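Mapped onto this note's numbering, the consecutive letters of the sequence shown carry residue numbers 1 to 696. We treat Cβ as the ideally placed atom computed from N, Cα and C, and that holds for glycine. These numbers were taken from a predicted model, which means no experiment stands behind them. Everything below concerns the one structure shown next.
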Amino acid sequence: MGEQTPNSHNELSGSVGVAVQVGSVHGGLQLNVSAPETPVPHQFPDDPAMVVNQIVPSRRVRAALTAPVEDAEARIIVLHGSSGTGKCWIAQHCLHACRDDYPDGQLYVDLSTAVDELTATSEALREFLMALGTNPALIPTDLAGRQKLYRSVTDGKALQVLVRNAFSPAQARALRPGRGRSVLVVTGHGLLGGLKWESAAFVELDPFEPDAARELLGRFAGDEVLADVAAVNSILDMCDHRPKAIEVVGAILADRPWQSIAELAEELADGSALSAELSAVFDAVYRRLGAVAKRCYHAIGLHPGRGEFGREVLAAALDVSDREAGAAINQLRALHIIDEARPHRYVMHNLVRAHAHEVAWQPDARAESDTLIRRTLAWYLARAVAADDAVMPLRGWREQLLPALEVRDAFATGGEAFGWLEQERANLRAAVVCAAERQEDEVTYQFCVVLWSLHERGKYFDDLVATNSLGVAAARRKSDVAVESLLWSQLGFPPHHQGEETEAVEAFERAREAARRAGHLELEATAIEGLGLARLGQGRTEEAVRLLRENLRLAEEIGKARRIALARFHLAKAVDAEEAVRLLTQTARTFEELGEVYNLAKARTWLGRKLIEIAEPDDAERVLADAMRTMIDDHTPFDQAQVLEGFAELAVARDELADARERYAAALSIYEGRQFTRQAESVRRRLAELGSPNRG
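Okay, structure coming up:
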């Protein structure tokens with residue numbers, strides 16, 4: 001960009017595809033659109049320290065990794081076998097050993113935490129694309145679009161992709177990289193045989209061979225325990241030679257060096273029913289836990305999300321202090337019942353989780369289990385309420401419709417709150433599903449209202465649709481027509497943003513009908529506003545203007561400054577330039593008075609574009625530059641695309657056609673990448689009107 005003045009702004013908004021920089025250079029504006037370099041991803045967990053020499057399966061995996069391929073498609077290797085047989089250990093170890101042969105990096109996903117197969121696949125593709133440097137704004141919202149982009153981005157690369165706990169052949173196919181020297185390694189115990197049609201190499205993992213099982217036990221517990229051959233063989237039989245169970249037994253022996261392996265074998269023999277033998281192993285560990293650690297074990301088994309979790313949610317579920325929860329976690333970690341996935345975030349192996357869930361519903365624990373689930377959901381809801389308050393403090397619907405939801409333990413900043421929402425996103429979605437399955441209807445729709453700040457800001461439309469559909473049903477069962485109306489309005493925006501306006505119109509119509517039944521004027525105005533925007537998206541401008549003027553009239557009747565400003569803002573999109581400038585000037589003034597920086601930037605975006613239409617290019621440049629700085633700071637690519645359109649229009653007005661094409665092309669990349677069909681088509685038309693680059 002050249003030398004920057006102290007007031008210049010030079011930040012990257014994305015990675016591959018589009019990066020926007022804006023700054024003041026000697027009093028003028030400079031805007032660059034570029035594609036910066038991206039670090040090579042290395043997502044695999046560390047090479048397992050306790051992996052043992054499973055000669056036959058390791059040899060087969062390495063042979064498959066080095067075998068010549070008949071075509072240029074990425075090779076697929078499937079490690080399959082029952083749970084706990086060490087599939088992922090061997091996959092990681094073999095892939096780490098040949099890492100240098102794959103210079104473009106390592107991608108990793110564990111699908112065991114997924115709510116459903118399609119969502120899991122779609123989200124895995126999104127995470128892979130971002131790890132490879134794709135600007136989030138360029139990532140399509142639909143599974144097919146993400147798969148096509150992933151194949152394009154990985155074409156010609158040499159990547160290692162490890163997919164743990166795949167559900168089906170279709171899921172594995174979707175995660176296969178593009179043509180080139182890449183390899184996809186899949187682990188699972190489902191029906192993956194269909195991958196034979198993809199020329200996949202299959203490696204069957206049975207429980208550990210006797211020598212490997214003994215070696216692993218010795219690594220965990222010390223080689224001296226192996227001297228009692230009869231006791232060792234008895235214990236390994238009860239572990240079914242599965243590495244996870246052996247790991248747990250090894251932890252018991254290491255934790256109690258005074259107990260002989262023969263005594264432990266005798267204790268395990270008294271156990272009972274997972275498989276009777278494996279359950280005996282985990283029962284023995286469970287009996288060693290203190291009272292709080294046992295309850296913690298139950299809480300993890302009942303936790304709605306199957307992925308990572310933190311200490312705080314366990315403390316809340318158990319109704320104990322953080323210190324007590326931390327002590328229980330340390331006890332579970334010492335016995336290898338849970339592992340630390342990253343600092344202060346923990347995971348439990350599916351084999352152990354199945355036992356924990358089973359034990360939690362035993363007669364002597366059943367009475368508390370319902371309470372544990374209820375407290376877990378309550379904690380996630382309370383934190384989501386606090387996050388919503390920090391991210392969108394002036395939205396107002398929570399206060400109006402759910403006044404009992406008070407903010408406790410507020411987040412320091414909106415950025416911190418949104419970071420927490422993204423970290424807990426899978427758990428929050430699972431919590432909504434759990435609440436719906438338990439028919440906790442109020443909790444279900446309360447989650448949907450407060451998670452708007454996550455779903456809308458992050459454009460997590462799959463999550464929004466999945467949860468809000470449950471929320472609508474819950475609101476109907478509770479006859480809460482007002483909440484039903486709001487959730488229908490929320491459900492209208494994903495299809496609207498994706499250009500599926502017929503579906504959006506249907507949702508907004510349902511929202512308006514419910515608002516009228518509730519006698520709630522403000523909810524009716526919200527539905528009418530959404531309906532007007534959808535009609536504008538359909539090109540029915542006259543009807544859109546009528547609806548948006550009705551929305552402004554209702555806003556003025558309601559008398560809330562923020563609502564009036566928003567109504568003016570949306571109406572300005574549909575009317576002539578001179579009226580739009582008046583409306584947007586008023587809108588910007590109100591948002592500035594309210595301290596709403598993001599909405600002020602949106603108003604300035606449209607004000608700049610309308611100023612161009614009335615031949616005020618210098619004023620337009622100033623307000624567009626202000627808007628772009630905010631959109632870069634807030635990491636909102638869609639809004640950056642809107643500003644880029646404004647700068648393109650400004651370049652056309654100044655007859656700077658090369659700049660116009662560059663900025664339109666950058667905006668188009670964002671719109672196409674996120675399936676903003678209506679906006680993309682509009683930009684394509686403008687590019688076509690500019691014609692050949694030779695004109696500029």
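Check	Outcome
Cβ-based neighbour list, R353, same chain, cut-off 8 Å, excluding 5 preceding and 5 following	I300, G301, R306
Distance, I337 Cα to H349 Cα	8 Å
Where the alpha helix (DSSP H) through D619 begins and ends	617-633
Beta-carbon proximity of V78 to L205, cut-off 8 Å	no
From S453, E198, H357, residue whose alpha carbon lies closest to that of A386	S453
As assigned by DSSP and simplified to three states, the class of E681	helix
Any 3 or more C-beta pairs closer than 8 Å across the segment 589-603 and the segment 611-621	no
DSSP-derived helix/strand/coil call for F676	coil
Cβ-Cβ distance between R742 and E308 below 8 Å	Look at the range of the chain in this structure, 1 to 696, and you will see that residue 742 is not part of it.
Distance between E247 and A212 (C-alpha atoms, nearest Å)	13 Å
Beta-ladder partner(s) of A201, from DSSP	I77
Test item: CB-CB of R398 and D441 under 8 Å	no
V232 versus P243: straight-line alpha-carbon distance, rounded	14 Å
Residue closest to V391, alpha-carbon to alpha-carbon, out of A63, L372, E416	E416
Residue burial classification, P103 (beta-carbon count within 10 angstroms, cutoff 16)	exposed
Identity of the residue in F411, L381, L332 nearest L402 by Cα	L381
Y297 in three-state terms, based on DSSP	helix
Rounded straight-line distance, which links the Cα of A504 to that of Q538	10 Å
C-alpha gap between I670 and R678, whole angstroms	12 Å
Simplified DSSP assignment, three categories, for Q106	strand
8 Å Cβ cutoff, A262 in contact with chain B	Judged by its chain identifiers, the structure shown contains no chain B, having just a single protein chain.
8 Å Cβ cutoff met for R146 and A72	no
DSSP-derived helix/strand/coil call for R256	coil
Close Cβ partners of H520 (< 6 Å) along its chain, the five nearest in sequence each way excluded	A482
Counted within 10 angstroms of its Cβ, other Cβ atoms place E662 as buried (16 or more) or exposed	buried
Helix, strand or coil at H520 [DSSP, three-state]	coil
L129 to V153 span [Cα, whole Å]	8 Å
Rounded Cβ spacing between A404 and Y445 (contact assumed at less than 8 Å)	Their Cβ separation, rounded to whole angstroms, is 13 Å, which puts A404 and Y445 out of contact at 8 Å.
Inter-stretch contact at 8 Å, needing at least 3 Cβ pairs: the segment 448-463 / the segment 481-500	yes
In DSSP terms, what G310 is bridged to	R345
Delimiting residues of the alpha helix (DSSP H) encompassing T587	577-594
Buried or exposed by the 16-neighbour rule on C-beta atoms within 10 Å, applied to G27	For G27, the predicted model reports a pLDDT of 39, less than 50, meaning its position is unreliable; a value from the coordinates is still stated below. It is exposed - the Cβ of G27 has fewer than 16 other Cβ atoms within 10 Å.
As assigned by DSSP and simplified to three states, the class of V183	strand
Per-residue burial, A625 [other beta carbons within 10 Å of its own, 16 or more giving buried]	buried
Beta-carbon proximity check, A534 vs S485, cutoff 8 Å	no
Straight-line gap, I373 to H303 (C-alpha atoms, nearest Å)	7 Å
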